[in-house]
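Asker: This is the structure I have questions about; it appears just below.
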Amino acid sequence: MASVKSVSFVAAISLLAIHPALWLVQTWIDPSYDSRGGLAFVATLLLFGWSWRSPGPAPKESDRARARLLLMVTALLRAAGELLAVRTVGALALVIDVYALALGAGVARRSVSLSPAGLATLFAFSLPCDRIVERVLGHPLQLISARLACSLLSLTSQTIRCEGTRIFAPPAELSVDLPCSGARGLVLMLGFWAAGLATRRLEGRRAVLGLGAAILGAAVANTVRLELIATWMSHGVDAGVEPLHSILGTIALFLGALPMALQVRAPIARVDAASAHGSMGVRASRSVKLGGRPLVGWYSPALLGIAIAVVSIPSRPIDVSPTSQRPLPVSLGTLYSELLPLEGKEVAYFEKFGGSASKRRYFDQEGSFTVVSVRTHSPLRHLHSPEECLRGAGHEARLLGIRTDSTAVYETRDPDGRRWQVDVSFVSDRGVRATNPSEVVWRWLEEPTVAWTMVERITPLGFCARRPGICHRRESALFHALEIPKEKENQG
C-alpha cells in the first residue's frame with residue numbers, strides 16, 4: 316500500500332510540475348529570453364542537497380501540516396496558470412513547492428541551517444526575471460535612471476540637457492533604453508539578497524536592511540554606469556561597443572554591490588551539532604514528511620486526481636486580442652512587394668492569442684527592404700522587444716539610438732554574417748508613440764481599448780546613411796498606407 320501511495324505522490328508532483336518545469340528549462344536555453352535563471356536553480360539545488368544531507372532533528376509537525384496544505388494550494392495555482400495560458404503563474408507555483416519541500420525536509424533545523432522562505436526566494440530567480448522586470452517596470456526605471464544620471468552629470472557640467480530618457484552631453488547623445496534601465500542590475504542585486512536569505516546570513520532586521528542595500532546598490536550601479544558611458548561619449552569614444560561597455564558595467568556593478576557585501580559578512584547560521592544529533596546521537600531521517608505521515612501520505616491519491624484534472628483543463632486566456640487586420644500594402648508607389656511567410660517563432664510571438672502579423676519585402680531599382688507589422692489590443696501578450704525576437708532568430712543586436720520620432724534603431728548581424736539596420740516604431744491608434752514594449756504596456760494601461768501597432772523596417776546596414784532621402788520617403792509612404800496617425804506628443 317505504501318508503494319502505491321509513493322507512486323501516486325510522485326506521479327501527482329510530476330504531472331503538476333511538468334508543464335511549468337519544461338517552460339522554465341526552455342527559458343534557460345532559448346536565446347530570446349537571455350535568462351540566467353539556470354544559475355539560480357543550480358544554486359538552490361546545491362544548497363538544498365547540502366542541508367538535506369546534514370544531521371538534524373525531525374521536522375516539526377506544524378511544518379509538515381503547512382507543507383501539505385501548500386502543495387494543495389499550488390495545485391490550484393497551476394490550474395489558474397493552465398486556464399489562463401500564463402506559464403509564469405505555473406512557474407510561481409514551483410516557488411511555493413520549493414518552500415513546502417524545504418519545510419518538509421526540515422532544512423531550518425539541520426546542522427547546515429537554511430531558511431525555507433529564503434531558499435524559495437532564491438529559486439524564484441530561476442524564472443526569466445530580467446524579462447519580467449523589464450516588461451513590467453522597464454519604462455519607469457528608464458525615467459528614474461535618466462533623471463538620476465542627469466542630476467549627477469549636471470554637477471560636473473553645465474552643458475548637460477535631459478529630455479525624458481535622452482541625455483544630451485555635447486557632442487554626444489545618450490539614450491537610456493530598456494537595457495540601460497537598470498532592470499538587469501536590480502535582478503542581480505536581488506538575487507544576491509535572496510542567496511543571503513537562503514543561507515541565513517540575512518534575517519530579521521538585517522534582511523530588511525539587505526533588501527534596501529540591494530535596491531540602493533542597483534540604483535547606484537546603474538547611475539554610475541550611465542555617467543561613465545556619457546563621460547566617455549562626450550570625449551568622442553563610443554562606449555556602447557565591447558569590451559568597453561562591459562568593462563564599465565562591471566566596474567559600476569562592483570561599486571553597487573559593496574553595500575550588499577557588508578550586509579552578508581556574517582557566517583552561515585548552524586544548529587548546534589549536539590542538538591542536531593540529539594542526546595542519543597541519532598541521525599534524523601532524510602525522508603520528507605507532512606502532517607505526521609510521510610510526504611506520500613493518505614492524501615497522495617487525491618493529489619494525483621487533482622493533478623490529472625489540472626493538466627486536463629483547456630486554456631481559456633482572458634486577454635486574447637481580437638483579430639484586427641491591417642495588412643501591409645502590396646505596393647508603395649514604385650515599390651512592388653512579395654509576401655513573406657512568418658516563421659514558427661514569429662507566429663508564436665505575435666498570433667498565438669489573437670492579434671495579427673504580416674511580413675513583406677519591398678523592392679525597386681534602388682534596392683529592397685523588409686517590413687514586419689504586428690497589430691494587437693493586448694500588447695502584454697504580443698509585443699516583444701526587438702532584441703528578444705532578433706536573438707531568437709540567431710541575430711546579434713545592438714541599439715544604435717532613439718530617433719526624435721521615438722523610433723528605436725538597431726544594428727544586427729544575422730547567422731550568415733550580414734549586417735542590417737532595423738528601425739522599430741510602436742504606435743497606437745491615437746498616434747501615441749513608444750520606444751519599447753514596456754512603455755507600450757504602461758501607456759496601454761491608460762487606454763486599454765486602444766490597439767497598438769509595431770512597424771519594423773529592415774534595410775542593409777549603411778543604406779539609409781548613404782540614401783537618407785529614399786529611406787524617409789519609403790517610411791512616409793508606408794505609414795500613410797497603414798493609416799498610422801501623425802505623432803501625438805507623449806505625456807509623462
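For the sequence shown, my numbering assigns the number 316 to the initial residue and increments by one for each residue that follows.
Cβ coordinates follow ideal geometry from the N, Cα and C atoms, glycine included.
Quantities reported herein were computed from a predicted structural model and do not represent experimental measurements.
Any idea if V578 is buried or exposed, counting beta-carbon neighbours within 10 angstroms, 16 or more meaning buried?
Answerer: Residue identity check: residue 578 is Gln in the sequence provided, not Val. That one is buried.
Asker: Rounded to a whole number of angstroms, what is the C-alpha to C-alpha distance between A332 and L409?
Answerer: Cα to Cα, A332 sits roughly 7 Å from L409.
Asker: Does the Cβ of R550 have 16 or more other Cβ atoms within 10 Å, making it buried, or fewer, making it exposed?
Answerer: Position check: residue 550 holds His in this sequence, whereas Arg was assumed. The residue is exposed, with fewer than 16 neighbouring Cβ atoms inside 10 Å.
Asker: Output the boundary residues of the alpha helix (DSSP H) element that contains Q578.
Answerer: Per DSSP, Q578 belongs to the alpha helix (DSSP H) from 559-578.
Asker: Could you tell me which of G433, E557, S472, G532 sits nearest to E518, measuring between CA atoms?
Answerer: Measuring from the Cα of E518, the nearest candidate turns out to be G433.
Asker: Use the C-beta contact count for T764: other C-beta atoms within 10 angstroms, 16 or more gives buried, fewer gives exposed.
Answerer: Exposed.
Asker: According to the neighbour-count rule (16 or more other Cβ atoms, all chains shown, within 10 Å of its Cβ), is F569 buried or exposed?
Answerer: Flag for F569 reads exposed.
Asker: With respect to the alpha helix (DSSP H) encompassing G716, which residues constitute its N-terminal and C-terminal limits?
Answerer: Here G716 belongs to no alpha helix (DSSP H); instead the beta strand (DSSP E) covers 711-717.
Asker: By alpha-carbon positions, which one of S377, S740, P694, R781 ends up nearest to L797?
Answerer: Minimum Cα distance to L797 is reached at S740.
Asker: Would you be able to state if there are at least three C-beta pairs under 8 Å between the stretch 381-394 and the stretch 411-424?
Answerer: Because the criterion of three Cβ pairs below 8 Å is met, the stretch 411-424 and the stretch 381-394 touch.
Asker: Hey, quick one: how far does the beta strand (DSSP E) through A622 stretch, first residue to last?
Answerer: First-last for A622: 615-626, but that is the alpha helix (DSSP H), not the beta strand (DSSP E).
Asker: For T538 and L493, which I take to be in contact (beta-carbon distance under 8 Å), what is that distance rounded to the nearest angstrom?
Answerer: Actually they do not touch by this definition, with Cβ atoms about 17 Å apart.
Asker: Could you pull out every residue in the same chain whose Cβ sits closer than 6 Å to the Cβ of H795, ignoring the five residues on either side in sequence?
Answerer: Contacts found: none.
Asker: Can you tell me which of A406, T471, A423 puts its alpha carbon nearest to the alpha carbon of S366?
Answerer: The residue with the shortest Cα to Cα distance from S366 is A423.
Asker: Shortest alpha-carbon distance to P652 belongs to which of R425, V686, S671, L776?
Answerer: The sequence as given places Ser at residue 652; Pro does not occur at that position. Of R425, V686, S671, L776, the residue nearest in Cα terms is V686.
Asker: Are there three or more Cβ pairs, one per stretch, closer than 8 Å when the stretch 433-448 is compared with the stretch 350-357?
Answerer: Contact between the stretch 433-448 and the stretch 350-357 is present, because at least three Cβ pairs lie under 8 Å.
Asker: Is the CB-CB distance between R706 and Y725 below 8 Å?
Answerer: The answer is no: Cβ separation not under 8 Å.
Asker: L541 and S460 look like a contact to me (Cβ under 8 Å); what is the Cβ gap, rounded to whole Å?
Answerer: The Cβ separation is near 6 Å, so the contact holds.
Asker: Answer yes or no: do S496 and G453 have a C-beta to C-beta separation smaller than 8 Å?
Answerer: The answer is yes: Cβ separation under 8 Å.
Asker: Whole angstroms is fine: what's the gap from S700's alpha carbon to R516's?
Answerer: Approximately 37 Å, taken between the alpha carbons.
Asker: Which of the three DSSP states, helix, strand or coil, is assigned to E726?
Answerer: Reduced to three states, the DSSP call for E726 is strand.
Asker: Rounded to whole angstroms, what is the Cα-Cα separation between L650 and G784?
Answerer: Each residue's alpha carbon lies about 15 Å from the other.
Asker: Let me know if P800 comes out buried or exposed under the rule of 16 or more other beta-carbons within 10 Å of its beta-carbon.
Answerer: With fewer than 16 Cβ atoms within 10 Å of its Cβ, P800 is classed as exposed.
Asker: Just how far apart, CA to CA, sit A591 and R368?
Answerer: Any answer about A591 is weak, because its pLDDT of 45 lies below 50 and its placement is not dependable; what the coordinates show is given next. If I take the Cα positions, the gap works out to 12 Å.
Asker: Smallest Cα separation from Y348: which of S428, E449, P616?
Answerer: The candidate whose alpha carbon is nearest that of Y348 is E449.
Asker: Quick test of your reading: R690 and T768, contact by CB under 8 Å. State the CB separation rounded to the nearest angstrom.
Answerer: R690 to T768, Cβ: 5 Å. Contact.
Asker: Any idea what DSSP makes of E478, helix, strand or coil?
Answerer: The answer is strand: DSSP assigns E478 an E or B state.
Asker: For V539, which residues does DSSP report across the bridge?
Answerer: None, per the DSSP bridge assignment.
Asker: So the beta strand (DSSP E) Q736 belongs to, where does it begin and stop?
Answerer: Start and end: 734-743.
Asker: Should I621 be labelled buried (16 or more other beta-carbon atoms within 10 Å of its own) or exposed?
Answerer: By the neighbour-count rule (16 or more Cβ atoms within 10 Å), I621 is buried.
Asker: Would you kindly work out how many angstroms separate the C-alpha atoms of R781 and G564, rounded to a whole number?
Answerer: So the two alpha carbons sit approximately 33 Å from each other.
Asker: Taking DSSP as the reference, what is the three-state secondary structure of G682?
Answerer: Residue state, collapsed to three classes: strand.
Asker: Could you spell out the range, first to last residue, of the alpha helix (DSSP H) harbouring A439?
Answerer: Here the alpha helix (DSSP H) through A439 covers 431-439.
Asker: Please report the Cβ distance between P694 and V756, rounded to the nearest whole angstrom; I am assuming they are in contact, meaning their Cβ atoms lie under 8 Å.
Answerer: Indeed they touch by this definition, with Cβ atoms about 6 Å apart.
Asker: From L647, G419, D553, pick the residue whose C-alpha is nearest to that of L715; which is it?
Answerer: Residue D553 is the option with its Cα nearest to L715.
Asker: Could you tell me which residues DSSP puts in a beta bridge with M548?
Answerer: Paired residues: none, contrary to the question.
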